[in-house]
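Residue numbers (my numbering), protein chains in the order written: chain P, 2 to 437; chain E, 663 to 1098. Where is the CB? At the ideal position from N, CA and C, for every residue including glycine. All values derive from a computational prediction rather than experimental measurement. See structure below.
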Amino acid sequence: MAPAKTPDIAAKRLPKAQYAANFTDLHPPLNAHEALVESDRCYFCYDAPCMKACPTSIDIPLFIREIQAGHPKSAAKTIFDQNILGGMCARVCPTETLCEEACVREHAEGKPVKIGLLQRYATDQALSEKHPFVRAKSSGKKIAIVGAGPAGLACAHRLSMHGHDITIFEARKKLGGLNEYGIAAYKSVDDFAAKEVDFVLSIGGIEIIHGMPLGKKLKLPDLQKDYDAVFLGLGLSGVNALGVKKEDADGIEDAVNYISDLRQAKDPSKLKVGRNVVVIGGGMTAIDIAVQSKLLGAENVTVIYRRGAENMKASAYERELAQTKGVNIKQWVAPKKVLVKSGHVVGLKCENTNSGETFEVKADMIFKAIGQTYIDVTGGTIALEQGRIKVDAEKRTSVKGIWAGGDCIAGGKDLTVASVDDGRRAAESIHSFLTA
Amino acid sequence: MADLRSNFAGIKSPNPFWLASAPPTDKEYNVVRAFKAGWGGVVWKTLGEEGPPVVNVNGPRYGAIHGADRRLLGLNNIELITDRPLEINLQEIKKVKREWPDRAMVISLMVPCKEEPWKKILKQVEDTDCDGVELNFGCPHGMSERGMGAAVGQVPEYIEMVARWCKQHSRLPVIVKLTPNITDVRHPARAAFRGGADAVSLINTINSITHVDLDSFSPMPSIDGKGSHGGYCGPAVKPIALSMVSEIARDKETKGKPISAIGGITTWRDAAEFISMSAGTVQVCTAAMTYGFKIVEEMKSGLERWMDQKSYATIEDFRGRAVPNVTDWQYLNLNYIAKAKIDQDACIKCGRCYAACEDTSHQAISNMKDGKRHFEVMDDECVACNLCVEVCPVQNCITMVQQTSGVDARTGKKISKDYANWTQHPNNPMSVKAAE
Chain P
2 MAPAKTPDIA AKRLPKAQYA ANFTDLHPPL NAHEALVESD RCYFCYDAPC MKACPTSIDI
62 PLFIREIQAG HPKSAAKTIF DQNILGGMCA RVCPTETLCE EACVREHAEG KPVKIGLLQR
122 YATDQALSEK HPFVRAKSSG KKIAIVGAGP AGLACAHRLS MHGHDITIFE ARKKLGGLNE
182 YGIAAYKSVD DFAAKEVDFV LSIGGIEIIH GMPLGKKLKL PDLQKDYDAV FLGLGLSGVN
242 ALGVKKEDAD GIEDAVNYIS DLRQAKDPSK LKVGRNVVVI GGGMTAIDIA VQSKLLGAEN
302 VTVIYRRGAE NMKASAYERE LAQTKGVNIK QWVAPKKVLV KSGHVVGLKC ENTNSGETFE
362 VKADMIFKAI GQTYIDVTGG TIALEQGRIK VDAEKRTSVK GIWAGGDCIA GGKDLTVASV
422 DDGRRAAESI HSFLTA
Chain E
663 MADLRSNFAG IKSPNPFWLA SAPPTDKEYN VVRAFKAGWG GVVWKTLGEE GPPVVNVNGP
723 RYGAIHGADR RLLGLNNIEL ITDRPLEINL QEIKKVKREW PDRAMVISLM VPCKEEPWKK
783 ILKQVEDTDC DGVELNFGCP HGMSERGMGA AVGQVPEYIE MVARWCKQHS RLPVIVKLTP
843 NITDVRHPAR AAFRGGADAV SLINTINSIT HVDLDSFSPM PSIDGKGSHG GYCGPAVKPI
903 ALSMVSEIAR DKETKGKPIS AIGGITTWRD AAEFISMSAG TVQVCTAAMT YGFKIVEEMK
963 SGLERWMDQK SYATIEDFRG RAVPNVTDWQ YLNLNYIAKA KIDQDACIKC GRCYAACEDT
1023 SHQAISNMKD GKRHFEVMDD ECVACNLCVE VCPVQNCITM VQQTSGVDAR TGKKISKDYA
1083 NWTQHPNNPM SVKAAE
């Protein structure tokens, strides 16, 4: 037997056909029969708890009743009224901690109505149809939106509906923000993020300018001067540091970058992945990178998290998914020292945060998934709170005429659906401001 | 172990579960399968006069309405009497009866409303050694247009006349099958017994159109774009059948006469209810057509277990026990006070009781307690209408609790243990006043 390579990082770890199977839809869509059977389970609750648990307050009982009564496209319209990115949210929302956790059938039987899958069933049918909203008569007002992530897109769509003209400035090549670059590949197959962006923009009245990151060529005062209102959906561009020595050794990567590469990869078999992978963190990103490393053929994937399960941002459901895929999750473990050989990581010395005991884990790759930070690009003119942009309930910043939403604002929940809600709320606030 | 044997108007069967005259009893093959499955008897599908048989449509014969999960609730059909030659039917009946002597073999008959045809067919069926005949005066479609079936059943004089002929020309027990498509079922029932019939069976099917096709605007089932009313049966008609059976069971003229109950009987419980309403046997069709003959196993074991629990050794021990409790509205006790009560441990907080009560009834349920979702009945508003009980998805979560002492919180009146009905009520202008 040949000695193990150090470091062992390679592409094509799996038979070719395995990649397609591994990166297919995590939850296949419901067919028409399944959707009818499932929609029959909804009790049409009064003041429904699911609806209250939805950050965008989608009228869930109504849309399910519309599916049940044979009009899934009406169901889609009901969803889009509150959440124009309802298609992606149906795929990526942690429904097990939102609508489905609140479902009375979860309470009654431990089996909630599959709201997420029903939402996907409805929205999938509408996406190829004529755009369901019509723009109001032109208001002659111009609004600049920085960032074409979920918050920016939702804001743009709602403002366009109200008849305003929108310009979106986007730094990256593609629109969609984390929907395009950040979501695990098996949650958004078939280029869905891009298709959804096309759907959102098909309302019209939204101009896109690429390659214009704020703070560089694009200056906030110029936007304030040239537009009637500004919305900032900047996201989080910084990554937290581990705070251990040799953090810059080869083989240590930011999980978000790797996930982005994976999402953009046409052929995942060409992506290199370590035989032994360690992920540091306890959120959705940590789970996503761990599962995807496994799906790319990594042999041993270990997630270490410094606190217990109850503190992990990844839901019990997501953790279980990871464990089913063969990921080892170690709680109460913190990184102590990166072990390096010839400039490349070979392992991680860890410490049990309860006992102080230390141990080593082999690692050809280490992914950092310990959260992202807001990097100010506004020139310091906007007030921050806990390191992110401070906003009020209507998503107004401290500066008149500037709104913000999504992950860049204080109190942000790092959820697509919450960002969509921010964008829509900001749009309504901007609209009343402009038409007052 | 309870004894399920039945002796109905002299017709013996090992259990009271008969298959009604319908497609499941049209030929030897089906009937043998039914007997193998354990059915106590059959009413062979209606035979007509000798000669060229009737023809059925060559398009759909059935339509249906469904509940959740496509559970069939009501079935309608436009099938006619047997479309097989009389001679073949008679041969098969004779053969099956010889092979299954312990099972009830009743033959349904329908010939023109003249003495000769009845006399003739009765002689023919007697040769089969069958146990009795059932006169089909109920079929509401097709045959009624030809002066048979319901066309006879809607004229009490005809019923009496034909029943008399049959008793004159045959030694067999005669059961008259009644149509529900009349105003007062007591009149045809009385006529049947006046004519000498040994028993009545009811209900036959109800005139119905299940749907309209919204593309072609054809009634369903649709034959080349046209539809005709069919006969409706299945679980949806059970309450109608139960009421009609109760009317005959408590009518002065027909009280105590044998009744074979038909109408939506699906489980042992339905059967027990009809028997408690004085039925001697129950006839089943839709349940068998929906689920197959095997359902009789649940019916028999269920009835047996319930009888054992209640210490009823035979069917006669509880038969008719509900009849004395059927009364006219005017004799209901107006001093009986109940209030709905929600079992908070069983409540799944769907709020349907609240929506029903608040929107459509008496505003007697509160939906909040200490800022939390909580549903509770307010005794000072509750009229005990039972709507909340019926809309609640959890069985026995909401119950009606009798108030036996104190004051009715709604009316402020002292709860009386005395019986008092509308005939005695001061608001009734016709009330019987005590002598002054």
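Residue pairing by DSSP puts Gln-1065(E) in a beta bridge opposite Ile-999(E). The C-beta of Pro-50(P) comes closer than 9 Å to at least one C-beta of chain E. In the displayed model, Tyr-47(P) falls within coil according to three-state DSSP, outside both helix and strand. Taking C-beta atoms as the reference points, Pro-678(E) and Gly-982(E) fail to come closer than 9 Å. At a cut-off of 9 Å between C-beta atoms, Arg-66(P) does not count as an interface residue with respect to chain E. The criterion of a C-beta distance shorter than 9 Å is not satisfied by Asp-415(P) and Lys-396(P). DSSP, reduced to helix, strand and coil, places Asn-1089(E) outside both helices and strands of the structure shown, so it counts as coil.
For His-345(P), not one C-beta of chain E is nearer than 9 Å to its own C-beta.
The Cβ-Cβ distance between Ala-1082(E) and Asn-987(E) does not fall below 9 Å. None of the residues of the region 870-888 of chain E has a beta carbon lying less than 7 Å from any beta carbon of chain P. Listed along the chain, the chain E residues whose CB falls inside 9 Å of the CB of Tyr-20(P) amount to none; the nearest CB is some 38 Å away. Residue environment: Arg-320(P) is assigned as buried (16 or more neighbouring CB atoms within 10 Å of its CB, all protein chains considered).
Looking at the backbone, the Cα of Pro-214(P) and that of Leu-99(P) are separated by about 33 Å. Counting the other Cβ atoms within 10 Å of the Cβ of Ala-145(P) gives 16 or more, which makes it buried. Note that the C-beta distance between Leu-666(E) and Glu-966(E) is below 9 Å.
Between Val-1069(E) and Lys-1076(E) the beta-carbon gap is near 6 Å, inside 8 Å, which marks them as a contact. Non-local C-beta neighbours of Ser-1023(E) in its own chain, meaning closer than 7 Å and more than five positions away in sequence, comprise Cys-1047, Leu-1049, ordered along the chain. Judged by DSSP in its simplified three-state form, Ala-1026(E) adopts coil rather than helix or strand.
Close CB contacts of Ala-813(E) within its chain, under the 6 Å cut and outside five residues either way in sequence, are with Ser-806 (chain order).
Runs of the beta strand (DSSP E) lying entirely within the region 109-142 of chain P, each at least 3 residues long, are absent.
With a threshold of 9 Å between beta carbons, Gly-725(E) makes no contact with chain P. Distances from the alpha-carbon of Ala-859(E) to those of Ser-1093(E), Val-836(E), Asp-877(E) put Val-836(E) closest. Annotated three-state conformation of Ser-922(E) is strand, per DSSP. Here DSSP, grouped into helix, strand and coil, assigns His-432(P) to helix. Taking a Cβ-Cβ cut-off of 8 Å, the neighbours of Gly-1013(E) in chain P comprise Cys-46, Tyr-47, Asp-48, Ala-49, given in sequence order. DSSP lists Trp-404(P) as the beta-bridge partner residues of Arg-397(P). Just measuring C-alpha positions, the residue of Gly-244(P), Gly-239(P), His-158(P), Gly-234(P) sitting nearest Glu-208(P) is His-158(P). Note on geometry: alpha-carbon atoms of Lys-220(P) and Gly-212(P) lie some 13 Å from one another.
Runs of the alpha helix (DSSP H) spanning 4 or more residues and lying entirely within the region 168-230 of chain P occur at 179-182, 193-202, 221-227, in chain order. Bridge partners of Lys-839(E) according to DSSP: Asn-798(E), Ser-863(E). The beta-carbon separation of Leu-233(P) and Ile-65(P), rounded to 35 Å, does not stay under the 8 Å limit for a contact. DSSP places Gln-816(E) outside both helix and strand once states are collapsed to three, so it counts as coil. Around the Cβ of His-728(E), a 10 Å sphere holds fewer than 16 other Cβ atoms; the residue is exposed. When the beta-carbon positions are compared, Leu-176(P) and Ile-169(P) come within less than 9 Å of each other. Residue environment for Trp-680(E): buried (at least 16 other C-beta atoms within 10 angstroms of its C-beta). When rounded, the separation of the alpha-carbon atoms in His-432(P) and Ser-399(P) is 18 Å.
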